[in-house]
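Asks: Same order as they appear, the protein sequences are chains A and B.
Numbered per our numbering, the first sequence spans residues 1 to 179.
Numbered per our numbering, the second sequence spans residues 1001 to 1179.
Protein chains: 2
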Amino acid sequence: MKYCSTCGAPVILCIPSGDTRQRHICVNCGAIHYQNPKLVVGAIPVWEDKILLCRRAIEPRRRKWTLPAGFMENHETSAEAAIRETLEEACADVDLDEMFTFIDLPCIDQVHIFYRARLRDANFRPGDESLETALFSETDIPWDDIAFRSTTSTLRHYFEDRRTGHWRFHAIVQHAAAQ
Amino acid sequence: MKYCSTCGAPVILCIPSGDTRQRHICVNCGAIHYQNPKLVVGAIPVWEDKILLCRRAIEPRRRKWTLPAGFMENHETSAEAAIRETLEEACADVDLDEMFTFIDLPCIDQVHIFYRARLRDANFRPGDESLETALFSETDIPWDDIAFRSTTSTLRHYFEDRRTGHWRFHAIVQHAAAQ
Chain A
1 MKYCSTCGAP
11 VILCIPSGDT
21 RQRHICVNCG
31 AIHYQNPKLV
41 VGAIPVWEDK
51 ILLCRRAIEP
61 RRRKWTLPAG
71 FMENHETSAE
81 AAIRETLEEA
91 CADVDLDEMF
101 TFIDLPCIDQ
111 VHIFYRARLR
121 DANFRPGDES
131 LETALFSETD
141 IPWDDIAFRS
151 TTSTLRHYFE
161 DRRTGHWRFH
171 AIVQHAAAQ
Chain B
1001 MKYCSTCGAP
1011 VILCIPSGDT
1021 RQRHICVNCG
1031 AIHYQNPKLV
1041 VGAIPVWEDK
1051 ILLCRRAIEP
1061 RRRKWTLPAG
1071 FMENHETSAE
1081 AAIRETLEEA
1091 CADVDLDEMF
1101 TFIDLPCIDQ
1111 VHIFYRARLR
1121 DANFRPGDES
1131 LETALFSETD
1141 IPWDDIAFRS
1151 TTSTLRHYFE
1161 DRRTGHWRFH
1171 AIVQHAAAQ
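Right, here's the structure in full:
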C-alpha cells in the first residue's frame, strides 16, 4: 500500500496515537488503513469412502492437489463460501456437515476453515482453476503432492476421526512459513 | 475505496474477466482490490461462577456491555487475539480454553469468534476502550444492555452448556442487520 484509497494521497507507515502497531496512514486526510487476516474456506467432499481433490491449475502450488477452498467473500457465510468454492473448483454440489478444522496461519495472515461435506452425486469435473478432479480413498491420497499443509492436516484429522467414529472440531495453529 | 492503493489513480467498480463479482479495479495499473470479511475475536473470561464484561467507552454501542473482543491483527493467532483484547479492554490476564462460538455475520462482513477463558486472578480494570469492567453471575447479566447479538448468543450458549456440563463448539449464522 503506497496511496490512500480514500483520497489518493501518499500513505506513510507509523503508529497512530493510542495504538501499538504500525499502520498505513494518509498524509493528506489522515485515514488509517488497517490490514487484517483473511479467511480461506473449503470443503472435504466425500463420496462413499472417497474424498474429492482438485489438482491446481494456478499458482501457488500449480499441479499440486488440494481440497476445494478459496477466499471467503463479503456478504456470504463461511458455509456458503465452502459450497461455492466446491462448485467453482470441482463443478460439484455438496451438502455440508459440521465445521471440521479451523487453522491459524499467522505467518501468512490467513485462517483456513474446512467443513465436512457430502457430494450430492458423482458428477464433478475441473473448474477453471483446476487441471483435474478425482476421488481418492485413504490409501490413494497423494500425500507428497498436496498443495498446502492445512489440507494435509485436515485430511489426516479426517481419517483419524473416521477411524474412531468420533467427529471432533479441530482448532490448529500452523506456525512455519512453508505452507 | 476511490483510489488505487498501489498507484494512486482512480478505481472503478466492475466485474473482472473470469470473475463473478464487482471489484474495485484501477483504471491505470489494473490492480484488482479485493475486500473480504474481517475476524473479530474475543474471550469469555470466567472467575469462579462469574463472567467478566466490559462497558464500552467507544462507538458503536457506547455504554453497552460486551465480552472483550476486537479485530484480529496480522501476524497473530486467533488465541493470541483473544488474550490481547482481554488485556487491552479489561487489563485482565486469561488462560484460554477451547474455541466456543464461531458466528457468521454476512450482513456486516464479519466473523466473530469467542474462546472460553479463565481469569488468572481477580485483577481487572477498564482499559482505554472501556468505561467499566465487572463480574456478573448468570442472574445478573444485563441482557437488555448487551452491545452485540454475538455476545448475547455466546453468553446464552455458555450458560446452557455449563448447565449440561457438556461443552460444545457452536457454529452460528446471524443474518439480521441489527447487531
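Backbone N, C-alpha and C fix where the C-beta goes; we use that ideal spot for every residue, glycine too.
So within the region 46–131 of chain A, which uninterrupted alpha helix (DSSP H) runs reach at least 4 residues, ignoring any that extend past its ends?
Replies: Runs found: 78–90.
Asks: Under three-state DSSP, which class holds Phe159(A)?
Replies: Three-state DSSP puts Phe159(A) in a helix.
Asks: Quick check: the Cα distance between Trp65(A) and Ala147(A), rounded to an integer number of angstroms?
Replies: Roughly 5 Å separates the two Cα atoms.
Asks: Using the beta-carbon of each residue, which ones in chain B are nearer than 7 Å to Glu76(A)?
Replies: Within 7 Å Cβ-Cβ: Pro1106.
Asks: Please tell me whether Phe124(A) and Ile113(A) are closer than 8 Å, where the distance is taken between their beta carbons.
Replies: Going by C-beta atoms, Phe124(A) is not nearer than 8 Å to Ile113(A).
Asks: Quick one: does Asp1128(B) have its CB under 8 Å from some CB of chain A?
Replies: It does; some Cβ of chain A falls within 8 Å.
Asks: For His1033(B), which residues of its own chain have a beta-carbon under 8 Å away from its beta-carbon, when the five flanking residues on both sides are left out?
Replies: Answer for His1033(B): Met1001, Cys1004, Ser1005, Val1011, Arg1023, His1024, Ile1025, Cys1026, listed in chain order.
Asks: Quick one: which chain B residues come within Cβ less than 7 Å of Val111(A)?
Replies: Under the 7 Å cutoff, chain B gives Leu1039, Ser1078.
Asks: At least one CB of chain A closer than 8 Å to the CB of Cys1004(B): is that the case?
Replies: Chain A contact via Cβ: present.
Asks: Quick check on the burial criterion: 16 or more other C-beta atoms within 10 angstroms. Buried or exposed for Ile1051(B)?
Replies: Label assigned to Ile1051(B): buried.
Asks: Does the distance from the CB of Pro1045(B) to the CB of Thr1020(B) come in under 8 Å?
Replies: Contact: no.
Asks: Does any residue of chain A have a CB that is nearer than 8 Å to the CB of Val1027(B)?
Replies: Judged by the 8 Å Cβ criterion, Val1027(B) is not in contact with chain A.
Asks: Starting from Val173(A), find everything on chain B with Cβ-Cβ shorter than 7 Å and list it in chain order.
Replies: Under the 7 Å cutoff, chain B gives Thr1077.
Asks: How close, in whole Å, do the beta carbons of Gly1042(B) and Ala1069(B) come, if the pair is a contact with beta carbons under 8 Å?
Replies: Going by Cβ atoms, the distance from Gly1042(B) to Ala1069(B) rounds to 2 Å, so yes, they are a contact pair.
Asks: Using DSSP with H/G/I as helix, E/B as strand and the rest coil, what is Thr133(A)?
Replies: Residue state, collapsed to three classes: strand.
Asks: Using a C-beta cutoff of 8 Å, does Arg1021(B) count as contacting chain A?
Replies: Closer than 8 Å to some Cβ of chain A, the Cβ of Arg1021(B) qualifies, so yes.
Asks: Could you check whether Phe71(A) and Val94(A) sit closer than 8 Å to each other, using their CB atoms as the reference points?
Replies: Taking 8 Å as the Cβ cut-off, Val94(A) and Phe71(A) do not qualify as a contacting pair.
Asks: Starting from the C-beta of Arg1061(B), find all residues in its chain whose C-beta is less than 8 Å away, skip the five residues before and the five after it, and write them out in chain order.
Replies: Cβ neighbours of Arg1061(B) beyond the five flanking positions: Ala1147, Phe1148.
Asks: Using 10 angstroms around the beta-carbon of Pro1106(B), count the other beta-carbons present and answer buried if the total reaches 16, otherwise exposed.
Replies: Buried, because 16 or more other Cβ atoms sit within 10 Å of the Cβ of Pro1106(B).
Asks: In the structure shown, what three-state DSSP assignment does Gln1179(B) receive?
Replies: Note that Gln1179(B) scores 45 on pLDDT, short of 50, meaning its location in the model is unreliable; the coordinates nonetheless yield the value given after this. Here Gln1179(B) sits in coil by DSSP.
Asks: In this structure, how does DSSP classify Arg168(A) when only helix, strand and coil are distinguished?
Replies: Looking at Arg168(A) - three-state DSSP - the assignment turns out to be coil, as it is neither helix nor strand.
Asks: Closer than 7 Å, Cβ to any Cβ of chain A: which residues of the region 1148–1175 of chain B, in chain order?
Replies: Under the 7 Å Cβ criterion, the region 1148–1175 of chain B contributes Phe1169, Ala1171, Val1173.
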